[in-house]
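Data first, discussion second: the structure below is written as structure tokens.
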Amino acid sequence: MNAPNASGWRPSMGGAGEAKFATSSGDYGLMLEEALSFELGSADKCGVDIDEPSRAPVAGLSKFLRKSAPALPGLTEPETVRHYTRLSRQNYAIDLGPFPLGSCTMKHNPRLNEKMARLPGFADVHPMQPQTTVQGALEVIEQLADWLITLTGMASVAMSPKAGAHGELCGLLCIRAALDARGEARDVVLVPESAHGTNPATAAFAGFKVESIPATPAGRVDVAALKAKLGPNVAGVMITNPNTCGLFEPDMREIADAVHAAGGYVYCDGANFNAIVGKVRPGDLGVDAMHINLHKTFSTPHGGGGPGAGPVVLSEALAPFAPLPFVTRGADGSIHLVEEENAAEGHAQAFGRMVAFHGQMGMFTRALTYILSHGADGLRTVAEDAVLNANYVLRSCEDLLPAPFADSGPCMHEALFSDAGLAEGFSTLDIAKGLIDEGFHPMTVYFPLVVKGAMLVEPTETESKAGLDRFIASLRSLAERAKAGDESLHSAPHFAPRRRLDETLAARKPVLVWQGEPGVPGTPSLSEIGGS
Amino acid sequence: MRYLPLTPADRASMLETIGAATVDDLFIDVPAEARLAGPIEGLPAHASEMAVERHMSALAAKNLSAGSAPFFLGAGAYRHHVPASVDHLIQRGEFLTAYTPYQPEIAQGTLQVLFEFQTQVARLFGTDIANASMYDGSTACWEAILMAARITRKGRSVLSGGLHPHYGEVVRTMAKFTKDDIVSLAPELTADPDDAAVIAAIDATTSCVVVQYPDVMGRIPDLAAISEAAHAVGALVIAVVTEPVALGLIEAPGTLGADIVVGEGQSLGVGLQFGGPYLGLFGCREKFVRQMPGRLCGQTVDAEGKRGFVLTLSTREQHIRREKATSNICTNSGLCALAFSIHLTLLGGEGLARLAAVNHARAQQTFERLAKVPGVTILNTAYFNEATVILPRDAREVVRELADRQVLGGVSLGRLFPVADGLHNGLLVAATETTTDEDIEAFATALEAVLAGASA
Numbered sequence: 001m002n003a004p005n006a007s008g009w010r011p012s013m014g015g016a017g018e019a020k021f022a023t024s025s026g027d028y029g030l031m032l033e034e035a036l037s038f039e040l041g042s043a044d045k046c047g048v049d050i051d052e053p054s055r056a057p058v059a060g061l062s063k064f065l066r067k068s069a070p071a072l073p074g075l076t077e078p079e080t081v082r083h084y085t086r087l088s089r090q091n092y093a094i095d096l097g098p099f100p101l102g103s104c105t106m107k108h109n110p111r112l113n114e115k116m117a118r119l120p121g122f123a124d125v126h127p128m129q130p131q132t133t134v135q136g137a138l139e140v141i142e143q144l145a146d147w148l149i150t151l152t153g154m155a156s157v158a159m160s161p162k163a164g165a166h167g168e169l170c171g172l173l174c175i176r177a178a179l180d181a182r183g184e185a186r187d188v189v190l191v192p193e194s195a196h197g198t199n200p201a202t203a204a205f206a207g208f209k210v211e212s213i214p215a216t217p218a219g220r221v222d223v224a225a226l227k228a229k230l231g232p233n234v235a236g237v238m239i240t241n242p243n244t245c246g247l248f249e250p251d252m253r254e255i256a257d258a259v260h261a262a263g264g265y266v267y268c269d270g271a272n273f274n275a276i277v278g279k280v281r282p283g284d285l286g287v288d289a290m291h292i293n294l295h296k297t298f299s300t301p302h303g304g305g306g307p308g309a310g311p312v313v314l315s316e317a318l319a320p321f322a323p324l325p326f327v328t329r330g331a332d333g334s335i336h337l338v339e340e341e342n343a344a345e346g347h348a349q350a351f352g353r354m355v356a357f358h359g360q361m362g363m364f365t366r367a368l369t370y371i372l373s374h375g376a377d378g379l380r381t382v383a384e385d386a387v388l389n390a391n392y393v394l395r396s397c398e399d400l401l402p403a404p405f406a407d408s409g410p411c412m413h414e415a416l417f418s419d420a421g422l423a424e425g426f427s428t429l430d431i432a433k434g435l436i437d438e439g440f441h442p443m444t445v446y447f448p449l450v451v452k453g454a455m456l457v458e459p460t461e462t463e464s465k466a467g468l469d470r471f472i473a474s475l476r477s478l479a480e481r482a483k484a485g486d487e488s489l490h491s492a493p494h495f496a497p498r499r500r501l502d503e504t505l506a507a508r509k510p511v512l513v514w515q516g517e518p519g520v521p522g523t524p525s526l527s528e529i530g531g532s
Numbered sequence: 001m002r003y004l005p006l007t008p009a010d011r012a013s014m015l016e017t018i019g020a021a022t023v024d025d026l027f028i029d030v031p032a033e034a035r036l037a038g039p040i041e042g043l044p045a046h047a048s049e050m051a052v053e054r055h056m057s058a059l060a061a062k063n064l065s066a067g068s069a070p071f072f073l074g075a076g077a078y079r080h081h082v083p084a085s086v087d088h089l090i091q092r093g094e095f096l097t098a099y100t101p102y103q104p105e106i107a108q109g110t111l112q113v114l115f116e117f118q119t120q121v122a123r124l125f126g127t128d129i130a131n132a133s134m135y136d137g138s139t140a141c142w143e144a145i146l147m148a149a150r151i152t153r154k155g156r157s158v159l160s161g162g163l164h165p166h167y168g169e170v171v172r173t174m175a176k177f178t179k180d181d182i183v184s185l186a187p188e189l190t191a192d193p194d195d196a197a198v199i200a201a202i203d204a205t206t207s208c209v210v211v212q213y214p215d216v217m218g219r220i221p222d223l224a225a226i227s228e229a230a231h232a233v234g235a236l237v238i239a240v241v242t243e244p245v246a247l248g249l250i251e252a253p254g255t256l257g258a259d260i261v262v263g264e265g266q267s268l269g270v271g272l273q274f275g276g277p278y279l280g281l282f283g284c285r286e287k288f289v290r291q292m293p294g295r296l297c298g299q300t301v302d303a304e305g306k307r308g309f310v311l312t313l314s315t316r317e318q319h320i321r322r323e324k325a326t327s328n329i330c331t332n333s334g335l336c337a338l339a340f341s342i343h344l345t346l347l348g349g350e351g352l353a354r355l356a357a358v359n360h361a362r363a364q365q366t367f368e369r370l371a372k373v374p375g376v377t378i379l380n381t382a383y384f385n386e387a388t389v390i391l392p393r394d395a396r397e398v399v400r401e402l403a404d405r406q407v408l409g410g411v412s413l414g415r416l417f418p419v420a421d422g423l424h425n426g427l428l429v430a431a432t433e434t435t436t437d438e439d440i441e442a443f444a445t446a447l448e449a450v451l452a453g454a455s456a
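If you're matching them up, the sequences are chains A and B in order.
Per UniProt numbering, the first sequence starts with residue 1, numbered consecutively.
Per UniProt numbering, the second sequence starts with residue 1, numbered consecutively.
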């Protein structure tokens, strides 16, 4: 049977891969199957006590009233708690073990952050309350902004972008606005191959043409190729630094100087800022704009895919163009949220508004809590330990799994391997699914695209040496099995809530909403589903 | 540092394995002149849990929270009761500390939630399908306009005068760069929304009309009539819902002909949070699925034939499609979607309908009482839980004076529409199930005193 594995997490009992017989319930001990809420609930159930309405609708509303309640089955509170608790147990999470997703950066989420974000003074205030009643909330924004500006060595920060890609867009729109102010119609953005895949998408979204810059054999930007592209039509360059190969771009300053000399701006994708926070200030490298994924560097929870938060730090040159709203402090010491265009000195050229309100306040509270907990000294150690952990994984596995850039210097926060050298027919996917059986979340796979069968491992600073040693032992054992042609790897995972899922079927015949089944509670008639 | 597990001995032993003398040797690719020798100056050092809690609590205490005062703000963010079990469940570590479900075999919890969420949103909106959430309502609105342009191959979008002005600003900001043609109708202080103006603005070049439902002044547009006019010339209708609780009482936009329905999901499960993180909702007709922005969760089977869920159709997404991606969305609001979904599961359709009826009744009670304040009239013929109150003077000043009396009395139209003329005496007032008789009386009494010129 399944002994607790070395990480202390007991792998779930799988289906037929492990069980020798079928249970009548479909559950296997603590491995619980769970139906959809639509199959469990019914129209006559409700988990909330609601008063009887004291009045009939106003006369003017009659023609808008709906004929029947929405076709949504309800559950009582105990049924709801059980449904979601059972579902939660089918998830891997950082609270269960390492989550070494390179470039995604999943570190321990301190619970103090959660507690602070839930203080009524932060959680229960409205974005359009009179500003005299939200001075503390505005002070959170101001304090976090001060930390971000100081840590990056930049002039200003736009706080409102909702996520990393949204921050990229904000930075490029600042560049566009600055060029417009100069009366220049530069329309090309250079994007190196080693940049995040979101970068070209963002540049296109902001109305630019994208031109790719190749990578050198050492996994860095080809500086000569980049310089050759510079000219009067180039608005700027988007560089991810540290890049997606986990490497620092050592020529960043030279690149920035060349781009500036040619009249362009430098956008830095700051997704990997966690590797250098407190050690290097991007402003010193000539960066004009850089977004910071608060969830990555400052550990705000990303619960199953979001929310994110992507404030953008800006150089002196771009600061005047930051979008609304922003905070300023008046002579009397009070903080003002500037929401109107042309409302403040020095910000008269704001390019507009990117979101309805002020950005991810709940994430700001968590990030500030995390930052204050670490302080300037602790944040520096965060970067050092993250880099130390990544290099430890790199050097502990490179004899079994080829590390394409290991000879070109230390990696930063993430270690990059390739699947070259595995037995015929074995690939990165087999290693990844095998890790699930070992009780670990797989690393990022098949990214970055510049490496064949890429495996990008980012341990983060919150993994202990003992924990890393267990992970390394599992990774090494899987590499050995894949080299030896162990066929059982092809059918991994064996000990997960589901075996390999058919992703092709999902894409070929998309089923995006519950179709219902005859005789099952909560199944609506077609007319209830609505639409065409 | 309580969050960092490496000991000095660990570090030394690991450096030995790596073959580096010091940790600084690992930063050798950083140009020497850019490397900082010690912690950045001018910032404090690390602090204990107790000290940080004291600091943050002091900041929180400087704010007047909605629950500690009579509270009547809406305008795209609403205060509803969130059942205790919602926040408890979203704080389970397996939800809170899970990342994007890239490995579906060990992310079935999140994926099943997203599938249930998509189904709930589609049924609430009356659309065939829905995605797994967007950043917020305003960015979802912009993405819908882009999607309509891709589908219709036309680029002229008409925004109704009742659209939340911040949503309109987001759209116009983005359109400046993508060169889409945005026609923004002016907001008018009329008892009913000017549907005729929207219909008159539609022509053969129109890609879509964007209509908020109920609109930013709390009025309810005739979506069926607008849809008929738009469809007659091949334009799409984008309905924007900033208060999804309303759909417990009034007809779903998809049922009335809207082709794309977007909205802000904050009302269910999420809380006010000073403006974010919020939850963008997005539903549409099934035939548009490949033009849809954002993440999608789809049903499939595993190697043993068991039902399971995966992220799907990712070829639309930017990390795959690069410059040809359909949207700027690279993530979703997973945790907020979970909160929304749990709250809606607790309510069920009947519960939502009753909650909506209570909201509407509380609003009626509020407006009946405010109408008795000398000099005050109610603009709307119909409303859900929010309507526009016309005051005898600039509502921006009145809101400030009410706040001096510890009453949070709504959002002034002057703050929402700083440059529009003729709206400044308008005050947008919202009531929900959290509004008490005492709140209503306190608001009316304070408003009476403020308008009478009494000092606080």
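Positions of the beta carbon are idealized from the N, C-alpha and C atoms, including for glycine.
Taking G422 of chain B as the centre and dropping the five residues before and after it, the same chain places the C-beta of L189 closer than 7 Å to its C-beta, in chain order.
Its Cα nearest to that of T300 of chain A, the residue A:L112 stands out among A:L112, A:S491 and A:P78. Segment contact: the stretch 32 to 49 of chain B against the stretch 366 to 380 of chain A, three or more CB-CB distances shorter than 8 Å; contact assigned.
Your pair Q406 of chain B and L6 of chain B does not check out as a contact, with CB atoms roughly 50 Å apart and the cut at 8 Å. T139 of chain B sits away from G263 of chain B, with the two beta carbons spaced by 8 Å or more.
Residue environment analysis places R54 of chain B among the exposed positions, since fewer than 16 neighbouring C-beta atoms fall within 10 angstroms of its C-beta.
Taking each of B:L223, B:A204 and B:P244 in turn and checking the Cα distance to G234 of chain B, the smallest one comes out for B:A204.
Taking C-beta atoms as the reference points, L26 of chain B and L408 of chain B fail to come closer than 8 Å.
Taking 8 Å as the cut-off between beta carbons, the residues of the stretch 138 to 170 of chain B near chain A are S138, T139, H164, H166, Y167, E169 and V170, in sequence order. With a contact defined as Cβ atoms closer than 8 Å, A454 of chain A and H413 of chain A miss out at about 16 Å. In the assembly as shown, D439 of chain B is a buried residue. Its beta-carbon has 16 or more other beta-carbons within 10 Å. Under the three-state reduction of DSSP output, R220 of chain A falls in the coil class, being neither helix nor strand. Note: P192 of chain A is bridge-paired with A:I213 in the DSSP secondary-structure output. DSSP places R500 of chain A in the coil class of the three-state scheme, outside both helix and strand.
With 16 or more other Cβ atoms from the protein chains shown falling within 10 Å of its own Cβ, A431 of chain B counts as buried. In the structure shown, the three-state DSSP call for T255 of chain B is helix. Scanning the stretch 159 to 226 of chain B from its first residue to its last, the whole beta strand (DSSP E) runs of 3-plus residues come out as 181 to 184 and 206 to 212. Less than 8 Å separates the beta-carbon of F384 of chain B from that of L249 of chain B.
Checking the DSSP bridge columns, you'll see I18 of chain B has no partner listed. Looking at A:V188, A:G278 and A:G219, the one whose alpha-carbon comes closest to that of M238 of chain A is A:V188. Looking at the DSSP output, S156 of chain A sits in a beta bridge with A:L314. Taking a C-beta distance under 8 Å as the contact criterion, G352 of chain A and T173 of chain B qualify as a contact pair. Put simply, the backbone Cα of P73 of chain A is about 40 Å away from that of A201 of chain B. Under the Cβ distance rule, M14 of chain B counts among the residues neighbouring chain A, one pair being separated by less than 8 Å. DSSP places G426 of chain B in no alpha helix (DSSP H) but in the uninterrupted beta strand (DSSP E) bounded by G426 to A430. Residue-level contact check: D51 of chain A touches chain B, since one or more beta carbons of chain B fall below 8 Å from its beta carbon. Your pair G275 of chain B and H358 of chain A checks out as a contact, with CB atoms roughly 5 Å apart and the cut at 8 Å.
DSSP lists no bridge partner for Q135 of chain A.
Beyond the five residues adjoining it in sequence on each side, R11 of chain B comes within less than 8 Å, by CB distance, of V23 in the same chain, given in chain order.
Counting only Cβ-Cβ distances below 7 Å, Y28 of chain A has no contacts in chain B at all, with the closest Cβ about 12 Å away.
CA-CA distance, L59 of chain B to G265 of chain B, rounds to 27 Å.
With respect to chain B, the C-beta atom of M238 of chain A has no partner C-beta closer than 8 Å.
Using a Cβ distance threshold of 8 Å, A201 of chain A and V170 of chain B do not count as a contacting pair. In the DSSP assignment, M31 of chain A forms a beta bridge with A:Y28.
Nearest CB-CB separation between G97 of chain A and chain B: not below the 8 Å threshold.
When secondary structure is reduced to three states using DSSP, R353 of chain A falls in the strand class.
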